[in-house]
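In this note's numbering, the protein residues as written are 641 to 788.
Structure follows, in structure tokens:
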């Protein structure tokens with residue numbers, strides 16, 4: 641039987657950000673050709689910098705990563721994957737009794753919607769943000785978006 645790799649172990653892979661030449665279509669879309677592959681630890685560091693009652697949009701997170709690594713843009717694919725790793729790691733820490741966990745729920749999509757793949761889904765993220773004073777509305781199509 642295969643043992644599941646802990647989220648803590650996944651936090652350290654890759655160990656360092658890597659600068660690469662991005663795919664042509666991404667270079668055109670994001671402007672520039674110097675793309676950074678971030679690390680979960682870098683994303684965790686940025687998330688810890690978000691003050692209580694504030695949020696950061698996913699594009700803002702990627703811009704912050706790119707700026708920190710002196711790249712034109714951060715890889716949107718790996719940023720999303722590593723953001724999920726940070727979220728799962730935070731919940732792993734919480735289960736172990738750690739009180740200071742990365743407030744991953746403060747990252748929202750650019751349109752104000754929430755992440756269904758975060759631990760506990762949209763409901764859990766919304767609950768955490770409501771506790772910090774944010775408000776939400778549900779669209780006619782049933783999509784939940786933050787309004788404040």
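The beta carbon of each residue, even a glycine, is placed where N, CA and C say it ideally should be.
Cβ-Cβ distances below 7 Å link residue 672 to 712 and 713 in the same chain, with the five nearest sequence neighbours on each side left out; the list follows chain order.
Restricting attention to alpha helix (DSSP H) runs no shorter than 4 residues, the segment 668 to 717 encloses them at 680 to 688 and 698 to 708, ordered along the chain. Cβ-Cβ distances below 8 Å link residue 686 to 696, 701, 704, 705 and 708 in the same chain, with the five nearest sequence neighbours on each side left out; the list follows chain order. The segment 764 to 772 makes no contact with the segment 677 to 686: fewer than 3 CB pairs, one atom from each, lie closer than 8 Å. Between residue 726 and residue 742, the CB-CB gap stays under 8 Å. In this structure residue 780 does not touch residue 788 by the C-beta definition: roughly 20 Å separates them, more than the 8 Å allowed. Annotation for residue 754: 748, 762, 765, 766 and 784 place their beta carbon closer than 7 Å to its own, counting only its chain and skipping 5 residues before and after. CA-to-CA, the gap between residue 736 and residue 729 works out to about 11 Å.
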